[in-house]
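K.L.:
Line order of the protein sequences matches chains X and L. Residues in the first sequence are numbered from 47 upward in steps of one, following the working numbering. Residues in the second sequence are numbered from 47 upward in steps of one, following the working numbering. Glycine included, every Cβ here is placed at the ideal spot set by N, Cα and C. Sending over a structure as structure tokens; questions will come in a sec.
2 protein chains.
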Amino acid sequence: MVDPLADERLDRAFLALADPVRRRIVARLSRGPATVNELAAPFDISKQAVSKHIQVLEHAGLVTRSRDAQRRPVHLDAATLEALTAWIDRYRLIHEQSFRALDAVLAAQAGTATNQQDDTRTQQTEQEAGS
Amino acid sequence: MVDPLADERLDRAFLALADPVRRRIVARLSRGPATVNELAAPFDISKQAVSKHIQVLEHAGLVTRSRDAQRRPVHLDAATLEALTAWIDRYRLIHEQSFRALDAVLAAQAGTATNQQDDTRTQQTEQEAGS
DNA sequence: CTATTGATCAACCGATCGGTTGATTACAAC
DNA sequence: GTTGTAATCAACCGATCGGTTGATCAATAG
Chain X
47 MVDPLADERL
57 DRAFLALADP
67 VRRRIVARLS
77 RGPATVNELA
87 APFDISKQAV
97 SKHIQVLEHA
107 GLVTRSRDAQ
117 RRPVHLDAAT
127 LEALTAWIDR
137 YRLIHEQSFR
147 ALDAVLAAQA
157 GTATNQQDDT
167 RTQQTEQEAG
177 S
Chain L
47 MVDPLADERL
57 DRAFLALADP
67 VRRRIVARLS
77 RGPATVNELA
87 APFDISKQAV
97 SKHIQVLEHA
107 GLVTRSRDAQ
117 RRPVHLDAAT
127 LEALTAWIDR
137 YRLIHEQSFR
147 ALDAVLAAQA
157 GTATNQQDDT
167 RTQQTEQEAG
177 S
């Protein structure tokens, strides 16, 4: 459905979200388009800095811009967000799967009843018996 | 369910994934734990550099480490991955929702179609956009 | 004990990032 | 035209990032 993003594009998209200002901008845009001035209002930084943040988001494919007189409204591009979740979920699910397989192996070896291989989506915390 | 990660933790987690080497490490770990040497093997960079990458992933909460003699196996922590998809999906779904609302308004006004591709995924959770 | 293996620590370097200020473009209103 | 507003461009700065090399720590093997 959504193209798996090329490596460099994933770089830029994840990097774009690795900043609280840009995440807040994305959060704001999820409720509809906004101009740079509107987006800059909640922040204590300069409008130029916000403009740069928007450029980072745009270069990452997370937002697009249109034109309305001298304003340049910014729109969220949800397709890229979806591609990011697709990447993450891919490996998250592989991990879950192999974890369940390991559970089965351990259960078969020991026979003791510490296995829960039912459809509980256990994302259990690894604990170290590292002594 | 999964704790919404604090802002600083989200910073680190997204930043950790904004690097192709670290994403390949995550991909490898999704199939099971591995030592630093094993993880470093596919790359042309030094083992120290890979060790740093792993520290970045660990500090981001994406991996944990145990101990086995002089080896320090690295394990994926899928919970943090899940928290990232949770953050993304939250705003992706809000966006979808407001887009549909806009569609309805425009349809009522003029009957003209918008240029949004119809991604049918009916979700109706009303949420507010925090950070 | 010494030697070897696995991994980290420490210092350093060039590139990029997030921010600033000042100048400039683009458009609208008068 | 001139003024005003929205936004970007350009140069600069300190901090962080990704990489290197060399030394060191931790644990096993001989």
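Are the beta-carbon atoms belonging to VAL120 of chain X and ALA80 of chain X less than 7 Å from one another?
P.N.:
Yes, the pair counts as a contact, with Cβ atoms nearer than the cut-off.
K.L.:
Assuming SER144 of chain L and ARG77 of chain X make a contact with CB atoms under 8 Å, what is their CB distance in whole Å?
P.N.:
About 5 Å; that satisfies the 8 Å criterion.
K.L.:
Quick one: residues in its chain with C-beta nearer than 7 Å to the C-beta of LEU56 of chain L, no 5 flanking neighbours on either side, listed in chain order?
P.N.:
Excluding positions up to five away in sequence, the list reads TRP133.
K.L.:
For LEU108 of chain X, does the three-state DSSP call read helix, strand or coil?
P.N.:
Here LEU108 of chain X sits in coil by DSSP.
K.L.:
Determine, using beta-carbon pairs with one atom in the segment 51–66 of chain L and one in the segment 59–66 of chain X, whether at least three such pairs fall under 8 Å.
P.N.:
Cβ pair count under 8 Å is three or more, so yes.
K.L.:
Considering only C-alpha positions, which residue in the set L:LEU122, L:GLU104 and L:LYS98 is nearest to GLU142 of chain X?
P.N.:
Ranking L:LEU122, L:GLU104 and L:LYS98 by Cα distance to GLU142 of chain X puts L:LEU122 first.
K.L.:
Determine, using beta carbons only, whether ASP53 of chain X comes closer than 7 Å to chain L.
P.N.:
Yes, its Cβ sits closer than 7 Å to a Cβ of chain L.
K.L.:
Could you tell me which residues DSSP puts in a beta bridge with ASP123 of chain L?
P.N.:
Note: ASP123 of chain L sits in no beta bridge, so no partner.
K.L.:
In this structure, how does DSSP classify ASP39 of chain L when only helix, strand and coil are distinguished?
P.N.:
Past the edges of chain L, shown from 47 to 177, lies residue 39 of chain L, and the structure says nothing about it.
K.L.:
Using a Cβ-Cβ cutoff of less than 7 Å, which residues in the same chain neighbour ALA86 of chain L once the five nearest sequence positions on both sides are dropped?
P.N.:
Closer than 7 Å at Cβ, skipping near neighbours: LYS93 and VAL96.
K.L.:
Between which two residues does the alpha helix (DSSP H) containing ALA87 of chain L stretch?
P.N.:
Premise fails: ALA87 of chain L is in no alpha helix (DSSP H) and is neither H nor E.
K.L.:
When we look at the beta-carbon of VAL82 of chain L and count the other beta-carbons within 10 Å, is it buried (16 or more) or exposed?
P.N.:
With 16 or more Cβ atoms within 10 Å of its Cβ, VAL82 of chain L is classed as buried.
K.L.:
Rounded to whole angstroms, what is the Cα-Cα separation between LYS98 of chain X and ARG117 of chain L?
P.N.:
Cα to Cα, LYS98 of chain X sits roughly 44 Å from ARG117 of chain L.
K.L.:
Which term fits ARG69 of chain X, buried or exposed, when burial requires 16 or more other beta carbons within 10 angstroms of its beta carbon?
P.N.:
Buried, because 16 or more other Cβ atoms sit within 10 Å of the Cβ of ARG69 of chain X.
K.L.:
Pull up the DSSP beta-bridge partners for ALA80 of chain L, would you.
P.N.:
Per DSSP, L:VAL120.
K.L.:
Measure how close the beta-carbons of ALA129 of chain L and LEU51 of chain L come, nearest whole angstrom, since I'm counting them as under 8 Å.
P.N.:
With 8 Å as the limit, ALA129 of chain L and LEU51 of chain L qualify as a contact, their Cβ atoms being about 5 Å apart.
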